[in-house]
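Colleague: Residues in the sequence shown are numbered from 5 upward in steps of one, following the working numbering. Think of the CB as a built atom: it goes at the ideal place given N, C-alpha and C, for glycine as much as any other residue. Supplied in structure tokens, the structure appears directly below.
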Amino acid sequence: MNRKLIAGNWKMNGLRADLQTVGDVAAAVSGAAAAPETLLCVPATLLSQAALAAEGSALRIGGQTCHSQQKGAFTGDISAPMLKEAGAAYVIVGHSERRTFHGETDEIVAAQAQSAIGSGLVPIVCVGETPEERSSGQTLTVVAEQLKGSLAGLEPATAFVLAYEPLWAIGTGKVATTAQIAEVHDFVRQFLIGRFGEPGQSVRILYGGSLNPGNAVEILPVSNVDGGLIGGASLKAADFLAIYNTACALQG
Ligand code: 13P
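Here's what the structure looks like:
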């Protein structure tokens with residue numbers, strides 16, 4: 005069994021006052037090998053302060069995207085080395101909101117993942133289908149295509165995380181059923197084994213989409229679910245920690 009990863013994605017939420025949440029989470033999580041790993045992906049403006057607030061604790065801090073280049077004339081963008089220097093250990097790439105609102109393609113996502121790895125960050129590569137793709141029976145085809153494109157060029161032994169986030173479940177309160185999650189996660193696992201061999205077993209596959217303290221108890225034990233990528237419920241320490249505690253109980 006892989007060590008679970010309970011990761012929060014604050015998206016475009018968080019001002020300095022919210023660093024209290026980082027401190028509260030940091031104070032409550034354990035670094036024991038038997039406990040799940042924890043991560044909060046905060047806005048870039050808060051990264052270095054969040055890293056300070058988490059210093060000395062088991063909580064890791066991450067970014068929400070990075071540019072595919074290490075530096076250059078890309079106004080407004082942030083590179084992987086910048087995130088790393090600010091204190092990030094992880095970075096999300098290919099989140100559906102980046103794919104939708106910023107036109108990020110599988111090719112771009114693959115380049116971002118490579119850049120993250122080259123800078124010593126662990127990328128969390130996101131995939132997931134739209135409601136139309138699900139209702140027309142295209143889910144596995146779409147996910148396979150995204151996996152193929154977004155993981156292009158990755159070496160078998162590289163540390164990375166995969167996140168399955170069906171678009172129709174993000175921020176909607178509409179959660180995928182455990183059967184739907186198991187089907188996609190098992191499929192992703194087979195893909196990873198096919199692509200990377202044995203190391204594909206230890207790539208963690210997170211579920212994301214309206215995960216909350218109420219449904220975590222059903223979702224986290226599902227086949228090949230190695231943790232969660234949590235949006236709304238990661239903004240409050242109590243909610244995030246409730247999900248973490250559920251994962252602790254499963255891990256132990
Ligand atoms: P919600 O948990 O708010 O649905 O967001 C999920 C998500 O997009 C995490 O990356």
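Tell me which residues share the same chain as VAL221 and place their Cβ nearer than 7 Å to its Cβ, disregarding the 5 neighbours each side in the sequence.
Modeller: Within the sequence shown, the letter at position 217 stands for residue 221. The residues are THR250.
Colleague: Compare the Cα-Cα distances from LEU254 to each of SER238, PHE244, ALA241, ASP230 and report the closest residue.
Modeller: If you number the sequence shown from 1, residue 254 lands on position 250. The candidate whose alpha carbon is nearest that of LEU254 is ASP230.
Colleague: When you compare each of SER100, LEU151, SER154 to PRO135 by their alpha carbons, which one comes out closest?
Modeller: Residue mapping note: residue 135 aligns to position 131 of the sequence shown, counting from 1. Measuring from the Cα of PRO135, the nearest candidate turns out to be SER100.
Colleague: Less than 6 Å separating the Cβ of ASN219 from some heavy atom of the ligand 13P?
Modeller: Start at 1 with the first residue of the sequence shown, and residue 219 comes out as number 215. Because no heavy atom of the ligand 13P lies under 6 Å away, the Cβ of ASN219 does not count as near it: no.
Colleague: Who are the Cβ neighbours of HIS189 in its own chain at under 8 Å, not counting the five residues just before and after it?
Modeller: Taking the first residue of the sequence shown as 1, we reach residue 189 at position 185. Taken in chain order, the residues that qualify are TYR168, ILE209, TYR211, VAL226, SER227, ASN228, VAL229.
Colleague: Looking at the secondary structure, which residues open and close the beta strand (DSSP E) in which PRO127 lies?
Modeller: Taking the first residue of the sequence shown as position 1, residue 127 is located at position 123. 126 to 131 is the extent of the beta strand (DSSP E) around PRO127.
Colleague: Please state if the CB of SER83 and the CB of VAL113 are separated by a distance shorter than 7 Å.
Modeller: By 1-based counting over the sequence shown, the position of residue 113 is 109. By 1-based counting over the sequence shown, the position of residue 83 is 79. Taking 7 Å as the Cβ cut-off, VAL113 and SER83 do not qualify as a contacting pair.
Colleague: Around the C-beta of THR20, are 16 or more other C-beta atoms found within 10 angstroms, so that it is buried, or is it exposed?
Modeller: Counting from one through the sequence shown, the residue named residue 20 turns up at place 16. The question names Thr, but residue 20 is Arg in the sequence shown. Per the 10 Å Cβ criterion, exposed.
Colleague: Kindly indicate which three-state DSSP category ARG138 falls into: helix, strand or coil?
Modeller: Taking the first residue of the sequence shown as 1, we reach residue 138 at position 134. Note: ARG138 maps to helix in three-state DSSP.
Colleague: Since I believe ALA11 is in contact with LEU51 (beta carbons under 8 Å), could you give me their beta-carbon distance rounded to a whole number of angstroms?
Modeller: Here residue 51 refers to the residue found at position 47 of the sequence shown. Here residue 11 refers to the residue found at position 7 of the sequence shown. Rounded, the Cβ-Cβ distance is 15 Å, inconsistent with contact.
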